[in-house]
Structures are given as structure tokens and as C-alpha cells.
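Enquirer: Mind looking over this structure? Questions follow.
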């Protein structure tokens, strides 16, 4: 099989591999990558998403070197804000262009220091998900908008802790500065759809507001 690889241009092999792609898991590519160095190189280039946990940290430089076209990060299982700050600050030093960032079951508050460092180099982020993070407050919403003004999708749903004070109205209420925002999910927070709509009055492209299980 390895000898036949050279008979087709790599662009053709890429098209073939995309036909057997199973999404983010890429399980079908794993055996293909063992066929030859050429196939390994192709599958590495076609990988756009990786998942990072605490066990992955020592291998981050190797992962970004192996998969040069990564645009999506899924971060899971971290329990302290300081760990996430350190991780994001570290990732910000690599020459990657992350467009989608997901925190999944990270039981900490919003890692402001890490995201601030991350935003200085990852200026094209368009999708941010913080699912089941410890706590979301109104100020976090404005902080994220300041860091990532190009966001099109923002998911801050189902925090572990939600209180009636998190999105309390006050005299200094601002509007979100996210002109490209198309979808926002604040399900599971102490907030209602009307308040989200008022926050997003200057988000002219907003078409999808998800607020379920609200209190």
C-alpha cells in the first residue's frame, strides 16, 4: 500500500480522507496514519481540533508541532482558576490561530488572567463556550466582549453556581460590544430573555438567544 501512495497527488488523498472523517474524533484516520509517512503527514494536516486535559499538558508543544492547522481547542477537567490561567498563557505563546475555544466541566471561575494573555495573540476567536464552569457574572460577560470583540457564538450555559445577584440590574448597565454576535446561550443562569435582549441591543446580527432553565 505504501508504494501506491506516490501515484496520487496529496490533494487527492486529502479529499479521500475527508470522506471518511467522523468529525472531531478522527478515529478512522488513526489506522490510515500508520500506513506510511505520507499518510501520517496528511492526517496531521487535516486535524483541526484537539482536547486538552491536565494529563495533556506535558505534550502541548508536541501536539501543536504535530498538528499545525489546529483552530479549535477543547479544555476539560481543570478545577482551579490558576491552572487555567497558566495553561492559557502557555498556549498563547504558540504560533496557532485558535478560532474556537471550549471549556467543558472546568470547575473554576472565568480565568481572566489567562484569557487576557490568550486574547493578545488569538485575535480571530469567533466561538467561546464555558459550559459548567463554576460561576458566571455580568462583569464576566463584558470582560469576554472586551477580550474577543469578533465573537459570533457565546455559550455561558449551566454554571455550577448561579445566584440572583450574578446579573443584577444597576444604574451603570452597559450594552455588549459584540457587533458580530449571532448566538448567545445563557441557560441555567439567573437571567431572563428580556434582560439578554436589552444587553444585546447593539448586537445587530444576533439571531439566536437561548435562555432555558432560567430562574
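Numbering (this note's numbering), first residue to last: 31 to 245. From the three backbone atoms N, C-alpha and C, an ideal C-beta is built for every residue, glycine too. Small disclaimer: the values here were computed from a predicted structure and weren't measured.
Work out the CA separation of residue 238 and residue 185 for me, nearest whole Å.
Expert: Approximately 11 Å between the Cα atoms of the pair.
Enquirer: Could you say if the region 87 to 100 and the region 146 to 158 meet the contact criterion of at least three C-beta pairs nearer than 8 Å?
Expert: Contact between the region 87 to 100 and the region 146 to 158 is absent, because fewer than three Cβ pairs lie under 8 Å.
Enquirer: Within 10 angstroms of the Cβ of residue 115, are there 16 or more other Cβ atoms? Answer buried if so, exposed if not.
Expert: By the neighbour-count rule (16 or more Cβ atoms within 10 Å), residue 115 is buried.
Enquirer: Could you tell me whether the Cβ atoms of residue 220 and residue 193 are closer together than 8 Å?
Expert: Going by C-beta atoms, residue 220 is nearer than 8 Å to residue 193.
Enquirer: Which class does residue 129 belong to by DSSP, given the choice of helix, strand or coil?
Expert: Reduced to three states, the DSSP call for residue 129 is coil.
Enquirer: Starting from the C-beta of residue 111, find all residues in its chain whose C-beta is less than 6 Å away, skip the five residues before and the five after it, and write them out in chain order.
Expert: Counting only Cβ-Cβ distances below 6 Å, and skipping sequence neighbours, we find 138, 139, 141.
Enquirer: Given residue 204, which residues of its chain have a CB within under 7 Å of its CB, disregarding the five upstream and five downstream residues?
Expert: Only 172 meet the Cβ criterion.
Enquirer: Taking C-alpha atoms, which residue in 169, 131, 90, 170 lies nearest to residue 123?
Expert: Ranking the options by Cα distance to residue 123, first place goes to 90.
Enquirer: Buried or exposed for residue 207, going by 16 or more other Cβ atoms inside 10 Å?
Expert: Residue 207 comes out exposed.
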